[in-house]
Amino acid sequence: MTAVSKVKDPAATAALVTPMLRSLPRADGEVGVKTELAGHSQTVELVNPLAENSWEETITMHRDATIFHSTAWARVLVDTYGHRPCYAQISLNGNLQALIPIMEVKSVLTRARGVCLPFSDYSAPLLFNSFASELLMQKLQQIARERRWSYFEIRSDSAIPGVAASEAYYGHFLDLKIGRDALISNFSSSAQRAVRKAERSGLSVRIRSDEDAMTTFYKLHVRTRRRHGVPPQPQSFFVNIQRHLIDAGHGFIVIVEGQKRPLAAAVFFKFGRHAIYKFGASDERLQELRANNLAMSEGIKNLANAGAEILHFGRTEKENEGLRRFKLGWGATEEEIRYARFEMGSGSWKAAHPAGSGLHKHVFRALPASLSRLAGAIIYPHLD
């Protein structure tokens with residue numbers, strides 16, 4: 322069963338008329354009910370973050386909580402793609418052990434699966450002690466069986482160490498606590514030259530949070546995605562990001578203009594001590610003016626001034642050496658982001674598989690912008 326308290330709005334209440342999840346078999350411990358396991362009192366509660374204030378209050382107790390763990394991000398995913406939140410809170414002897422944000426992704430073209438979390442570069446369960454991993458695995462498998470998921474995926478293997486990675490990416494993070502001057506001095510010489518060139522070229526840069534700024538970003542985003550050979554995510558995704566994140570003070574948009582038009586834009590999120598560079602886009606026709614570099618530099622300085630402690634640069638595909646160099650140029654530390662996927666059919670972790678041929682990129686590069694946007698609106702609801 323799902324405990325509901327402090328309902329935020331009537332729409333969220335209506336969404337709970339039908340139980341969010343079927344009750345798990347009582348033999349294994351019904352959801353939301355205390356059970357005795359080896360002399361320990363264990364509680365697992367399924368939480369709908371859209372209807373309960375408790376989720377947002379609880380995640381702030383963990384120093385590693387990011388925007389991806391937040392209720393605001395859950396609203397973006399639900400409102401855009403209709404995914405079902407299956408968030409869980411695990412306690413042992415009254416002490417909180419783990420918080421698991423996970424969405425059920427299901428469409429007419431794909432099998433049901435659990436993803437922690439869709440369209441999130443990294444989103445590990447929040448563990449409150451070092452021995453919660455085993456308990457976490459038991460409960461994830463239990464929920465997956467009950468929901469008849471084909472698999473569940475965790476977008477960081479830090480919560481379950483030692484498992485095979487289904488996918489691996491570069492990750493980069495920047496310590497913002499060292500102060501603005503130290504940050505700038507740690508930029509690589511090439512990054513500093515690029516910023517100076519942008520400034521000498523007369524480019525203007527502004528930090529914005531209005532809807533027009535998001536519209537400007539989206540137009541550049543469509544152009545950039547086409548250049549990379551992938552369709553853009555639907556515009557509704559960015560409308561919901563504006564509504565639930567930017568308008569709520571959880572982020573901002575950097576717009577760089579020159580020659581009477583926008584040349585680059587970057588979208589940053591902030592939650593607690595953590596910030597993330599989530600999206601970047603530009604007009605490649607004037608790439609030599611280095612508008613991208615100016616946007617990133619301004620975003621970093623703004624986050625440092627706002628009190629953020631860590632900036633994450635999202636994930637980077639291993640073969641994208643250019644983007645990797647760009648992120649390292651800001652003095653970032655490199656790490657590996659490993660995804661872990663547990664296949665319910667085989668009862669085992671899925672090993673990494675070779676990347677595709679990339680033939681689809683040639684197709685999407687050839688599409689007009691209007692058809693590319695249409696393709697994105699059709700395809701992304703089936704993806705995660």
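The numbering of the sequence shown is the working numbering, which starts it at 322 and goes up by one.
A virtual CB, placed ideally from N, CA and C, is assigned to each residue, including glycine.
Opposing strand residues paired with residue i [DSSP bridges]
{"i": "F592", "result": "H595"}
{"i": "D496", "result": "I631"}
{"i": "C437", "result": "I475"}
{"i": "N416", "result": "L413"}
{"i": "A602", "result": "A586"}
{"i": "T364", "result": "S412"}
{"i": "L448", "result": "A419"}
{"i": "P406", "result": "M424"}
{"i": "A489", "result": "R659"}
{"i": "T431", "result": "S428"}
Short Cβ contact (8 Å threshold) for residue i with residue j
{"i": "F647", "j": "A586", "result": "no"}
{"i": "F449", "j": "H633", "result": "no"}
{"i": "R384", "j": "G492", "result": "no"}
{"i": "G579", "j": "L541", "result": "no"}
{"i": "V426", "j": "W670", "result": "no"}
{"i": "S428", "j": "H703", "result": "yes"}
{"i": "L398", "j": "H404", "result": "yes"}
{"i": "T431", "j": "S557", "result": "no"}
{"i": "A519", "j": "N374", "result": "no"}
{"i": "Q418", "j": "L456", "result": "yes"}
{"i": "I574", "j": "M535", "result": "yes"}
{"i": "K591", "j": "A627", "result": "yes"}
{"i": "Y443", "j": "E638", "result": "no"}
{"i": "E377", "j": "P370", "result": "yes"}
{"i": "I388", "j": "I597", "result": "yes"}
{"i": "D705", "j": "P482", "result": "no"}
{"i": "S487", "j": "A673", "result": "yes"}
{"i": "S477", "j": "A445", "result": "yes"}
{"i": "P406", "j": "M424", "result": "yes"}
{"i": "Y408", "j": "R662", "result": "no"}
{"i": "A480", "j": "S441", "result": "no"}
{"i": "R548", "j": "E605", "result": "yes"}
{"i": "T545", "j": "S451", "result": "no"}
For residue j and residue i, believed in contact at Cβ under 8 Å, the rounded distance
{"i": "L584", "j": "L610", "result": "6 Å"}
{"i": "R529", "j": "I464", "result": "Incorrect: roughly 40 Å between the Cβ atoms, too far for contact."}
{"i": "W470", "j": "G435", "result": "5 Å"}
{"i": "A625", "j": "L497", "result": "5 Å"}
{"i": "K682", "j": "V551", "result": "7 Å"}
{"i": "P553", "j": "S693", "result": "6 Å"}
{"i": "V543", "j": "A690", "result": "5 Å"}
{"i": "R466", "j": "A433", "result": "The pair is not a contact, with the Cβ atoms about 12 Å apart (cut-off 8 Å)."}
First and last residue of the uninterrupted alpha helix (DSSP H) at residue i
{"i": "R476", "result": "No alpha helix (DSSP H) holds R476; DSSP gives it neither H nor E."}
{"i": "R501", "result": "R501 to N507"}
{"i": "V560", "result": "Q556 to I562"}
{"i": "N374", "result": "N374 to I380"}
{"i": "S618", "result": "A612 to N626"}
{"i": "V399", "result": "T392 to Y402"}
{"i": "K648", "result": "E642 to L649"}
{"i": "R514", "result": "S510 to R521"}
{"i": "S454", "result": "A453 to R468"}
N- and C-terminal bounds of the beta strand (DSSP E) containing residue i
{"i": "Y660", "result": "T654 to E664"}
{"i": "V543", "result": "Per DSSP, V543 belongs to no beta strand (DSSP E); it is in the alpha helix (DSSP H), E532 to H549."}
{"i": "I699", "result": "Premise fails: I699 lies in the alpha helix (DSSP H), A690 to I700, not in any beta strand (DSSP E)."}
{"i": "F573", "result": "G572 to G579"}
{"i": "R527", "result": "S525 to R529"}
{"i": "E425", "result": "M424 to S428"}
Any non-hydrogen atom of the ligand HEM closer than 7 Å to residue i Cβ
{"i": "L524", "result": "Ligands in the displayed structure: none, and consequently the ligand HEM is not present."}
query: Okay, do the segment 647-656 and the segment 507-522 touch, 3+ Cβ pairs below 8 Å being the bar?
result: The answer is yes - the segment 507-522 touches the segment 647-656, with three or more Cβ pairs under 8 Å.
Give a yes or no on contact between the segment 603-622 and the segment 549-568, applying the rule of three or more CB pairs nearer than 8 Å. The way I'd put it, the segment 603-622 doesn't touch the segment 549-568; fewer than three beta-carbon pairs between them come closer than 8 Å.
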